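Those protein sequences? They're chains A and B, same order as listed. Numbering-wise (the working numbering), the first sequence opens with residue 867 and increments by one. Numbering-wise (the working numbering), the second sequence opens with residue 867 and increments by one. What follows is a single structure, written as structure tokens, with notes after it.
Protein chains: 2
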Amino acid sequence: MPPHTRVNMADVARRAGVSMATASRALSNHPHVAEETRARVLAAAEQLSYVVSPEASRLAGGATDRVAVVVPHISRWFFATLLEGLEAVLRDADLDVLLYHVGDAADRRDFFQRLPARRKVDAVVVLGMPVMHGERERLESMGVHIVAAGGQVEHYPYVSIDDAAAGRQAVDHLLFLGHRRIGMIATVEPTEPGWPANPGRARAYREALAEAGLPAEPGLVVTVPWGGVPGADAMSQLLSLREPPTAVYAHSDEVAFGAMRTLRRAGLRIPEDMSVVGIDDHPMAELADLTTVAQPVRDQGVAAGRMLLALLAGGEPEGGGTVATRLVVRGSTGPPRPGSSRARSSSPRPGRR
Amino acid sequence: MPPHTRVNMADVARRAGVSMATASRALSNHPHVAEETRARVLAAAEQLSYVVSPEASRLAGGATDRVAVVVPHISRWFFATLLEGLEAVLRDADLDVLLYHVGDAADRRDFFQRLPARRKVDAVVVLGMPVMHGERERLESMGVHIVAAGGQVEHYPYVSIDDAAAGRQAVDHLLFLGHRRIGMIATVEPTEPGWPANPGRARAYREALAEAGLPAEPGLVVTVPWGGVPGADAMSQLLSLREPPTAVYAHSDEVAFGAMRTLRRAGLRIPEDMSVVGIDDHPMAELADLTTVAQPVRDQGVAAGRMLLALLAGGEPEGGGTVATRLVVRGSTGPPRPGSSRARSSSPRPGRR
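Next up, the structure:
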């Protein structure tokens, strides 16, 4: 290896046959590393003349006292609430929050390309968005800690709900009430079509229907961009079906609010003519009397902050993983009207009176 | 003066008989300072052996490339949206955003006391909150630029709506529709009772009624903490009056959403039995069919960011000041029902049927 080529931690990890995280822990004298592994990493470091870089040394001391927080949206309630919880914990620990809004693919690229060169944070917290493979390598090469909240990021400490379980709570509630013709309003992230939050919520719907012995009808699933107005449009689409559903499961409360607006404008009663269930327990859900699956959003930000503090102190992250959701039954769901079942498709259709 | 006492800009300003801001501008060769004033400041600096401090020198160069953004709330839509607009401009200019949530008086004290010692930002942007006198001195002693958005902070470049004008648009709309018995739901900041946003909105109500020749009835004004549930409670209180109003003006949309929930639960029709108007044009306002006074929230954050960039570049802040609001008429307001005027107080009361 030429003398002026800087050896980085990725080289050491590769040589030792361990992950970046393990190499990082071994080199920073982290207690939870097997002795054999630590010896292997140290040997690799010696062979490569690896010098602990300023960035890597921050692992122990937190030299910058700054944490980068990366969010795909600032003004949406879910992300702002995660951020509020996280910021409170970091501020208490006297760490500064550097906020980075990465709204689209170009922003993401820019953020991940420039951050290492700047060497200005001890850790990165990723809120409600995925971290791609190349981006992970970049972060790891900096030797900074990485924590995710509001979504699971493979290979990193995270705190998140189980989207599939949350979706099941919503759809099972509709099935329990007797609905047999259930629509779904799914949402897409225009910039992040691969983000697994929505696939989990969609899978829950398919599995719940299959277990109930109900057929999958593609027409009952409408996929729209996230937001209230798209939710309203999606409900219009469902109402225009030859045989509309008797209940609708929306992937988020804000989408459900839009769906409810369409129902009110169509002169339909909620839940007599149509039940609606969401996910989140947005502050407006109580006011809108929306049945929903509540997730503790601020708490996820707090838990991520605490995990990060433990990591920065050289310990193991605790209190992360999957947090529980719970069904909150309000006035927007009820049993289907008699005569509204699909067995009587000649009966008056809810959307057409 | 003892040799080891560091002379600061406040000493220079005092000696020269000018404000901190003027002293700062004079010392940084800002073009908009009268020659006589500049000469006086330079003479004072020389007499005091004032050395331009690292902080003061940042005025020109922006040495840290970081901007502190101070917000009283993160998760509320208004503040998160301001922040989103501001962050976009600062990020484009390659400035980092350090986010500080100052939720209560202790947080505020902590922030303003510690920031100067840390010397880590080129500027401070204050979003939607006041800056007290002692705090201003502290910021000025750092030699950092200060900009306010979402509210007017005396003595600093700001961008904000005119709260009194916005309130007039709301109340005048109700008067134009023929309402003569108008309630108001005002809100308080528990931690910032002196923040002038709400006084402006309250003054608008009193002035509009006075100009219309209507008496001020204290019972028609309910003051609650900010939020949807308090808004719902406030409407319950108005409905319990011997003679309820026929229309209600809420200081913000989120409060109005709560008020509308109470009306729906009471079986009252909006607007036939009660008109409701808010301020903001929250994203949910369209879905809730709420008449409101729209303010451009994200744009205020963007404008504040641009003002700050101009200041950091040594120029004059442009594009700030008061931004226009506009009435957005939706389905929540209409003329009062015949027979609901106060002249016929023996008629059936909306809240009691």
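Glycine residues also receive a C-beta, built at the ideal position from the N, C-alpha and C atoms. Source: prediction; values computed, not measured.
Only PHE1123, GLY1124, ARG1127 from the stretch 1114-1134 of chain B bring a Cβ to less than 7 Å from some Cβ of chain A.
Counting only runs of 4 or more residues that sit fully inside the stretch 1134-1211 of chain A, the alpha helix (DSSP H) segments are 1149-1154, 1163-1178, in chain order.
Taking 7 Å as the cut-off, the beta carbon of PRO1096 (chain B) is found closer than this to the beta carbon of VAL1090 (chain B). A residue is called buried once 16 or more other Cβ atoms fall within 10 Å of its Cβ, and PRO1023 (chain B) is buried on that count.
In this structure, ILE1027 (chain B) and THR1191 (chain B) form a Cβ contact; the two beta carbons are roughly 5 Å apart against a cut-off of 8 Å. When the beta-carbon positions are compared, GLU1120 (chain A) and GLY1094 (chain A) come within less than 7 Å of each other. Here GLU1077 (chain B) is exposed. Its C-beta has fewer than 16 other C-beta atoms within 10 Å.
ASP958 (chain B) sits exposed, since fewer than 16 C-beta atoms from the chains shown fall within 10 Å of its C-beta. Between LEU948 (chain B) and LEU893 (chain B) a beta carbon distance of about 32 Å is seen, past the 8 Å cut, so the two are scored as non-contacting. A check of alpha carbon separations from VAL963 (chain B) across A:GLY951, A:LEU1175, A:VAL933, A:PHE978 identifies A:VAL933 as the nearest. Residues of chain B with a Cβ closer than 9 Å to the Cβ of GLU953 (chain A) are, in chain order, ILE940, LEU965, TYR966, HIS967. ASP1119 (chain A): member of the alpha helix (DSSP H) spanning 1119-1131, first to last residue.
For MET1150 (chain A), the closest Cβ of chain B is nearer than 7 Å. Separation of the CB atoms of GLY951 (chain B) and ARG1172 (chain B) is rounded to 10 Å, and the pair is thereby denied contact status at 8 Å.
The alpha-carbon of ARG1072 (chain A) is positioned some 25 Å away from that of GLY1197 (chain A). In this structure, ALA1100 (chain A) and ILE1051 (chain A) form a Cβ contact; the two beta carbons are roughly 4 Å apart against a cut-off of 8 Å.
Between ALA1179 (chain A) and VAL1025 (chain A), the gap from beta carbon to beta carbon reaches 7 Å or more. By the criterion of at least three beta-carbon pairs nearer than 8 Å, the stretch 1112-1119 of chain B is in contact with the stretch 1140-1151 of chain B. The shortest C-alpha to C-alpha distance from LEU1175 (chain A) to any of A:VAL907, A:TRP943, A:ALA989 is the one to A:ALA989.
Between ALA946 (chain A) and ALA910 (chain B), the CB-CB gap reaches or exceeds 7 Å.
For HIS1011 (chain B), the enclosing beta strand (DSSP E) covers residues 1011-1015. Boundaries of the beta strand (DSSP E) harbouring ARG932 (chain A): 932-937, taken from the DSSP string.
Around the Cβ of ARG1135 (chain A), a 10 Å sphere holds fewer than 16 other Cβ atoms; the residue is exposed. For HIS967 (chain A), the enclosing beta strand (DSSP E) stretches over residues 962-967. One finds nothing in chain B with a Cβ atom closer than 9 Å to the Cβ of GLU1138 (chain A); even the nearest lies about 15 Å away.
The residue among B:ARG1046, B:GLY1133, B:MET1150, B:SER1007 with its C-alpha nearest the C-alpha of GLU1109 (chain B) is B:ARG1046. The Cβ atoms of PHE978 (chain A) and TYR966 (chain A) do not sit closer than 7 Å to each other. Annotation: the continuous alpha helix (DSSP H) that includes ALA910 (chain A) extends over 901-913. Under the 7 Å criterion on CB atoms, GLU950 (chain A) is classed as interfacial with respect to chain B.
In this structure, DSSP gives ALA959 (chain B) a state outside helix and strand, which the three-state scheme calls coil. Cβ neighbours of ARG1034 (chain B) within its own chain (closer than 6 Å, five residues either side excluded): ALA1070, ALA1074. For ALA1098 (chain B), the chain A residues whose Cβ falls inside 8 Å of its Cβ are LEU1153, in order along the chain. Here PRO1137 (chain A) is near GLY1200 (chain A), since their CB atoms are less than 7 Å apart. Counting only Cβ-Cβ distances below 8 Å, GLY1094 (chain B) has contacts in chain A at PRO1149, MET1150, GLU1152, LEU1153, in chain order. Per DSSP, the unbroken alpha helix (DSSP H) holding ALA1036 (chain B) starts and ends at 1029-1042. Closest in C-alpha terms to VAL1189 (chain A), from the list A:ALA900, A:ALA1015, A:THR930, A:VAL1037, comes A:ALA1015.
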